[in-house]
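Asker: Please read through the structure below; I'll follow up with questions.
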Amino acid sequence: MRAKASSMPGSMSKITLDLGSWPRLAWREPTYFYTTKRKKMFQVVEALRLGTPEKLPVLPLVGIHSTKISGISVYGALHNGEEMARSQLAAFRRYRYDGVFPFMDLSVEAEAMGCELKKTEGEIPTVVKPVGEIEKLQVPEPTKTGRLPVFLEAIEIMSREVGKETTVCAYITGPFTLATHLRGMANLLLDCRRNREGVHKVLEITKEVGITYARALIHAGSRVIMILEPSAALVSALHFREFVLPYLSKITSFIAQEGALSILHVCGNSSHLLNEMAETGTNGMSIDSPVDLRQAREKLGHRVCLMGNLSPVRVLLEGSPKDVESSSRECIMKGGRSGFILSSGCEVPKETKPENIETMIRVAREFSPSKAP
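Taking our numbering, the leading residue of the sequence shown gets 37, the next gets one more, and so forth.
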């Protein structure tokens, strides 16, 4: 499959798509990883299944940082699946962490549904204007709409290139966060108090968007779907249970039915939501740096795999290799010997020094969970 998006004055991006090689069946290999050889190759999957990998899996959330390695422009990668895949694979081959993602772009579904974006050279687009008429919203077709085909092509290429040696992962925007893009953050949070029925109607649509896009990503070759739900950190546990939990649970259940695994990522301080996040049925929880990883492990036990949580800015961007080594070891000790993936708390900043990422990888490689006390 090949997809390319090009901007045309006065219109949305135009997509050309060749579906000749589009996979027709979801990836399903329930016993694939249970051989010793496969466990060594797919440490992330083993951890998400709450196993004890031979080596600690390490998977920093590298997105546009890869353009510093590949020399490909951020704009080019965001509009061409082949360039995005080439950039991400260049970083993967440089660092040799335990998986590959596409770029982390929280605007891609919102753009496909009609939201206006701000696009700045060298940065990920951001939503600046919600849609006008919520009642006319429709679920976009991932193979045809906006830049969604670009991400599908990137996943397909990465799966073809490295899918037999590492875990191919993908992102979707969570239903609550997508709803804040479509309605506007302030409006949606106000609606949670004054127009609850209206919020649920929007969330039914955004839940279907997540399921539809996740299905396409899995069919393209993704084995792990990370659900990005940063706006959830702004609500109480009570509101999370009403407006976030039911819809996330349906998405994680669908991902499992498709034979893939899920990770839930909530940016910022989600300490007040840890139990609720685990109740979504996700296989893993990506924990941002403001959360104490030890407290998260103590609260959740081994109900779910934990992933995190080096500070992307204070440690990875601004710190020295010595700082990264110290923080990495601290995260490992707090995360536990099984069901843990060493990662950044959120996306690795573009200008992060390669030696800091290399230090993070080295520390993980030196640690053996299976031999830990």
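Glycine residues also receive a C-beta, built at the ideal position from the N, C-alpha and C atoms. Please read these numbers as outputs of a predicted model, since none were measured by experiment.
Could you pull out every unbroken beta strand (DSSP E) segment of at least 3 residues lying fully inside the segment 129-193, listed in chain order?
Answerer: Here the runs fully enclosed are 152-154, 162-165.
Asker: Write down the C-beta distance between I263 and L284 rounded to the nearest angstrom, noting that I regard them as a contact closer than 8 Å.
Answerer: Indeed, because the Cβ distance is near 7 Å, the residues count as touching under 8 Å.
Asker: Return helix, strand or coil for T344, following the three-state DSSP convention.
Answerer: A small correction: the amino acid at residue 344 is Gly; Thr does not occupy that position in the sequence shown. In the structure shown, G344 sits in a strand (DSSP, three-state: E or B).
Asker: Quick one: what's got a C-beta closer than 6 Å to L84's C-beta in the same chain, skipping five residues either side?
Answerer: Within the same chain, L84 has close Cβ partners L297, N319, G320, C341.
Asker: Can you tell me whether C303 is helix, strand or coil according to DSSP?
Answerer: Correct three-state label for C303: coil.
Asker: Go ahead and label K172 buried or exposed: buried means 16 or more other beta carbons lie within 10 angstroms of its beta carbon, across all protein chains shown.
Answerer: Exposed, since its Cβ has fewer than 16 Cβ neighbours within 10 Å.
Asker: Across the segment 251-270 and the segment 303-323, are there enough close Cβ pairs to call them in contact, namely three or more that are closer than 8 Å?
Answerer: Yes, the segment 251-270 is in contact with the segment 303-323.
Asker: Using a Cβ-Cβ cutoff of less than 6 Å, which residues in the same chain neighbour A148 once the five nearest sequence positions on both sides are dropped?
Answerer: These residues qualify, in order along the chain: P176, T181, G182, L184.
Asker: Sort A292, R129, E118, L86 by Cα distance to I105 and report the nearest one.
Answerer: When each option's Cα is compared against that of I105, the closest is R129.
Asker: Going by beta-carbon coordinates alone, are C205 and G158 separated by less than 8 Å?
Answerer: Cβ atoms of C205 and G158: not closer than 8 Å.
Asker: With DSSP as the reference, please indicate the residues paired to T209 in a beta bridge.
Answerer: Bridge partners of T209: L264.
Asker: Report the rounded CA-to-CA distance for R277 versus P96, giving the unit in angstroms.
Answerer: Between R277 and P96, the C-alpha separation is close to 29 Å.
Asker: Specify the secondary structure class of S364 as computed by DSSP and reduced to three states.
Answerer: Three-state result, S364: helix.
Asker: Relative to the C-alpha of H275, which candidate in E197, T103, L226 has its C-alpha closest?
Answerer: Of E197, T103, L226, the residue nearest in Cα terms is L226.
Asker: Alpha carbon to alpha carbon, how far is M396 from V94?
Answerer: About 8 Å.
Asker: Closest to F403 by C-alpha separation, out of M369, P390, R333, K200, would be which residue?
Answerer: Checking every option, the nearest Cα to that of F403 belongs to M369.
Asker: Quick test of your reading: S102 and A121, contact by CB under 8 Å. State the CB separation rounded to the nearest angstrom.
Answerer: Actually they do not touch by this definition, with Cβ atoms about 10 Å apart.
Asker: Under DSSP, the alpha helix (DSSP H) around S380 begins and ends at which residues?
Answerer: It is not in any alpha helix (DSSP H) - S380 instead sits in the beta strand (DSSP E) that spans 376-380.
Asker: Our contact map puts G117 next to I193 with C-beta atoms below 8 Å; I'd like the distance itself, whole angstroms only.
Answerer: At roughly 7 Å, the Cβ-Cβ gap stays under 8 Å, so G117 and I193 are in contact.
Asker: Verify whether the separation of the beta carbon atoms of E294 and T209 is less than 8 Å.
Answerer: Not in contact: E294 and T209 (Cβ atoms no closer than 8 Å).
Asker: Just to confirm, is the Cβ distance from P166 to R219 under 8 Å?
Answerer: Closer than 8 Å, so yes.
Asker: Is it buried or exposed for R339, if we count other Cβ within 10 angstroms and need 16 for buried?
Answerer: Exposed is the call here.
Asker: Between L309, K386, R401, which has its C-alpha nearest S272's C-alpha?
Answerer: Measuring from the Cα of S272, the nearest candidate turns out to be L309.
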